[in-house]
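Asker: Numbering (the UniProt record's numbering), first residue to last: 1 to 671.
Got a structure here, written out as structure tokens. Questions coming.
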Amino acid sequence: MWVEIQLGLYCMELFARELRGFSRIKKKSPIARKYAVQHFLFSFILLFKTPLHLLFISFRYLPLPMEALQTTTSISARSPPSTLPSRATRRASAPPVPFSVRPSLNRRRANKTVAFATIKERDSEAFPKFQETELVKEEREGVVGSYSVVEEETPPLEREKHSIVFVTAEAAPYSKTGGLGDVCGSLPVALAGRGHRVMVVSPRYLNGVSDEKYANAKAIGGPVKVFCFGGEHVVRFFQEYRDGVDWVFVDHPSYHRPGNPYGDARGAFGDNQFRFTLLSHAACEAPLVLALGGFTYGEKCLFLANDWHASLVPVLLAAKYRPHGVYKDARSILVIHNLAHQGVEPSTTYENLGLPPEWYGALEWVFPTWARTHALDKGEAVNVLKGAVVTSDRILTVSEGYSWEITTLEGGHGLYELLSSRKSILNGITNGIDVDDWNPASDEHIPHHYSVDDLSGKALCKAALQKELGLAIRPDCPLIGFIGRLDYQKGTDLIRSALPELLQDDVQFIMLGSGDPDTEQWMRAAESSYKDKFRGWVGFNVPVSHRITAGCDILLMPSRFEPCGLNQLYAMRYGTVPVAHSTGGLRDTIENFDPYANEGSGKGTGWTFYPLSKESMLGALGLAIETYRKYKPSWEGLMKRGMSRDYTWDNAAEQYEQIFQLAFHNPPYVR
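Set out below in structure tokens:
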């Protein structure tokens, strides 16, 4: 009986309060009237759905006069209705509530109150007349039932551990031709150190002979059949556990040949599509069949497909595995290190990839008219990287600047429209470096060690480098260096055009690299023409690159585009000031120095120039040379700021973990 009485009282109070509010709200805004009508109708329906005998019982046992319904806010009011002051009295007597932070746009959800309470809680700064007194606020918060919700604090989420599978064409120290090998050799170790289970899958390159780099890798599991290119192909797996990471190598005769992972002196291998299709298929099987440490990685994996060589992995997950109930909980992330290489092949090769025919559209690619070979050429092709852009759960680039550049016409390499449509899942994370290998305080490749607290060894390294290369040992002469591939992307043509004008100044210049044969020949000729100022080292030598990085005063990087760039990070780590084109990762990692704006501010680690032209490059070099000669304290500040920055992979690994959380937050890609 008592429950029925309480229910009847509640319905009557609700209806009375809404009726009073509805009559008062007529003069308010349309939005307020809308909420008032909704709540009035709700209370009206609730009242008349209550059995009439409950209302009669409620009137019979009602302990309060009906006038109390005009003022009470709940059955359990804190004071009798007769003692409550009038609304005008309360507003006049109570002190105002201090201005609060602007409410969020979704006010009803943020404030956890009904419409009338939300109307009162307008922005107090913009609408002072809606400011509540303490008593009014307390009265509103005292309403029971659905009219007030106590918001609980959400405890911080614990960092989730994942089973991560890197798929890559190269991974240092086993195989390396550039930054891809550095990233896939260091980032897995950093993630493993943070508690994740990490596997790296890459080919076992033997160069035709037994390679000592794979001496500790042991065969694991049996042969695995991979179906692609019109038949079945048998691959084997080798594994080495090092630094907390399972390094898994796919073994197949196509990986046993001289040269680098992609080609030899005659050019790129003609069967690269087959070799890396094989890698992608094998990488998808490895977590299911390899019992590493006693048990497999299982189906709930996070695949990181690096560049076009591994771009078939996200497509295989979506087209081959998930439709059959495998890898339903797995996620895939495409990591773009260089968008210029996309794995484009003739459209007739699609049937070799081991994909269902209906998935051709995901990889379909049409060359523009100007890029076609003849009038009858329709330009049809398959683009493996495009397929990964379509089917991946997240997309990453190796710097924030590059993630923006690839969505532009100039930097998108034909995929800018597709990448722009995927901006919601596109992020950039700047690479780290191996701070143990690149450490001027302990580097075994440099003759003298130094640190940010003692720079004396830097001058000794410069003198040793000048002596090694046959240049005059001059501490006062700026020594400029270039390390990288000799090709169009790295801007070596710009160096060739600017070198005569640059060497008119009292400077020395060193170039280390290999690539374009014509540029290599030019380096040899330039060394003969400028015997006292220029040295060219054709080829790539790791110890020499360390000595140049430590001995030079300035590192020049006129790259046309640079997804991240590592040489500028190495240079700053060694106190060498970079001068670079403002693009991609170079713009993100080099803080431009302005001697006037940065006077005493402790900012600036180098110079960037834009646009990419001989004049702007020489202008930036001129500023660096003048600062080196005339403003030694500023130059020393540039060196120390560069050496003091955080270049570790732990910082990048933490950002990768945030992307992992986002990948698992949404369901995987399905068609």
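Just so it is clear, CB atoms sit at the ideal spot from N, CA and C, and this is done for glycine as well.
These numbers were taken from a predicted model, which means no experiment stands behind them.
1) Any idea if R394 is buried or exposed, counting beta-carbon neighbours within 10 angstroms, 16 or more meaning buried?
2) Who are E657's beta bridge partners in DSSP?
3) Please state the DSSP three-state secondary structure of R197.
4) Report yes or no: do the region 514-526 and the region 440-457 share at least 3 C-beta pairs separated by less than 8 Å?
5) Tell me which residues share the same chain as A265 and place their Cβ nearer than 8 Å to its Cβ, disregarding the 5 neighbours each side in the sequence.
6) Check for me: the beta strand (DSSP E) holding residue 705 runs from which residue to which?
7) Cα-Cα, which of E626, F238 and Y174 is closest to D476?
8) Would you say T583 reaches chain D, if we count a Cβ-Cβ gap shorter than 8 Å as a contact?
9) So who's on the other strand from M523, going by DSSP bridges?
10) Is the Cβ-Cβ distance between D554 and L512 less than 8 Å?
11) So what's R671 in DSSP terms, helix, strand or just coil?
12) Are the CB atoms of I425 and Y570 within a distance shorter than 8 Å?
13) Can you find at least 3 beta carbon pairs, one from the region 176-190 and one from the region 311-321, that sit closer than 8 Å?
14) Excluding the 5 residues preceding and the 5 following V507 in the sequence, name in chain order all residues of the same chain whose CB lies nearer than 8 Å to its CB.
15) Going by DSSP in three states, Y241 sits in which element: helix, strand or coil?
16) Specify, as a first and last residue, the run of the beta strand (DSSP E) that I333 falls within.
17) Using a Cβ-Cβ cutoff of less than 6 Å, which residues in the same chain neighbour A620 once the five nearest sequence positions on both sides are dropped?
18) My assumption, with CB atoms under 8 Å, is that V200 sits in contact with F166. Please give the rounded CB distance.
19) Starting from the C-beta of residue 676, find all residues in its chain whose C-beta is less than 8 Å away, skip the five residues before and the five after it, and write them out in chain order.
20) So the beta strand (DSSP E) K300 belongs to, where does it begin and stop?
21) Can you tell me which of K640, V250, H281 and D516 puts its alpha carbon nearest to the alpha carbon of G267?
22) Who pairs with residue 677 in a beta bridge, going by DSSP?
23) Quick one: residues in its chain with C-beta nearer than 7 Å to the C-beta of residue 745, no 5 flanking neighbours on either side, listed in chain order?
24) What do you reckon, are the CB atoms on V382 and Y350 nearer than 8 Å?
25) Kindly list the residues whose CB is nearer than 8 Å to the CB of N651, restricted to its own chain and excluding five residues on each side of it in sequence; keep chain order.
26) Who are the Cβ neighbours of M639 in its own chain at under 6 Å, not counting the five residues just before and after it?
27) Looking at the strands, I want to know which residues DSSP matches up with I446.
Answerer: Here's the rundown:
1) Here residue 394 refers to the residue found at position 394 of the sequence shown. Burial is judged here by how many other beta carbons sit within 10 angstroms of a residue's own beta carbon; R394 has at least 16 and is buried.
2) As a working note, residue 657 is residue 657 in the sequence shown. BP columns for E657 are empty, so no partner.
3) Residue 197 sits at position 197 when you count from the first residue of the sequence shown. In this structure, DSSP gives R197 an extended state, which the three-state scheme calls strand.
4) With contact defined as three or more Cβ pairs closer than 8 Å, the region 514-526 and the region 440-457 are not in contact.
5) Mapped onto the sequence shown, residue 265 falls at position 265. The residues G259, in chain order, have a CB closer than 8 Å to that of A265 in the same chain once the five nearest residues on each side in sequence are set aside.
6) Since the displayed the chain opens at 1 and closes at 671, residue 705 lies outside it and no answer follows.
7) Counting from one through the sequence shown, the residue named residue 476 turns up at place 476. Checked all of E626, F238 and Y174; the closest Cα to D476 is E626.
8) In the displayed structure, chain D is absent; only one protein chain is listed.
9) By one-based count along the sequence shown, residue 523 stands at place 523. Bridge partners of M523: none, in fact.
10) Numbered from 1 along the sequence shown, position 554 holds the residue referred to as residue 554. Numbered from 1 along the sequence shown, position 512 holds the residue referred to as residue 512. Note on residue identity: the sequence assigns Ile, not Asp, to residue 554. No, the pair does not count as a contact, with Cβ atoms beyond the cut-off.
11) Here residue 671 is taken as the residue at index 671 of the sequence shown, counted from 1. Of the three classes helix, strand and coil, the one that applies to R671 here is coil, per DSSP.
12) By 1-based counting over the sequence shown, the position of residue 570 is 570. By 1-based counting over the sequence shown, the position of residue 425 is 425. In this structure, I425 does not lie closer than 8 Å to Y570 by Cβ.
13) Judged by Cβ distances under 8 Å, the region 176-190 makes no contact with the region 311-321, as fewer than three pairs qualify.
14) Start at 1 with the first residue of the sequence shown, and residue 507 comes out as number 507. Only residues of its own chain outside the window of five on either side were considered, and among them C477, P478, L479, I480, K533 and I625 have a CB closer than 8 Å to the CB of V507, listed in chain order.
15) The residue labelled residue 241 in the question sits at position 241 within the sequence shown. Secondary structure of Y241 (DSSP, three-state): strand.
16) As a working note, residue 333 is residue 333 in the sequence shown. R331 to I336 is the extent of the beta strand (DSSP E) around I333.
17) As a working note, residue 620 is residue 620 in the sequence shown. Excluding sequence neighbours, A620 sits near V579, W607 and F609.
18) Here residue 200 corresponds to residue number 200 of the sequence shown, with the count starting at 1. Here residue 166 corresponds to residue number 166 of the sequence shown, with the count starting at 1. Yes, they are in contact, since the Cβ atoms of V200 and F166 sit about 4 Å apart, within 8 Å.
19) Nothing can be reported for residue 676, as the shown portion of the chain is limited to 1 through 671.
20) Within the sequence shown, numbered from 1, the residue matching residue 300 stands at position 300. Per DSSP, K300 lies in no beta strand (DSSP E) and is assigned neither H nor E.
21) Translated into the one-based positions of the sequence shown, residue 267 becomes position 267. For G267, the nearest C-alpha among the options comes from D516.
22) The first residue shown for the chain is 1 and the last is 671, placing residue 677 beyond what the model contains.
23) Outside the displayed range of the chain (1 to 671) lies residue 745, so it cannot be described from this structure.
24) Reading the sequence shown from its first residue, position 382 is the one you call residue 382. Reading the sequence shown from its first residue, position 350 is the one you call residue 350. For V382 and Y350, yes; Cβs fall inside 8 Å.
25) Taking the sequence shown and counting its residues from 1, one reaches residue 651 at position 651. Counting only residues of its own chain and dropping the five nearest sequence neighbours on each side, N651 has a CB closer than 8 Å to the CB of G432.
26) Along the sequence shown, read from residue 1 onward, the residue named residue 639 stands at position 639. Around M639: G575.
27) Residue mapping note: residue 446 aligns to position 446 of the sequence shown, counting from 1. Beta-bridge pairing by DSSP links I446 to no other residue.
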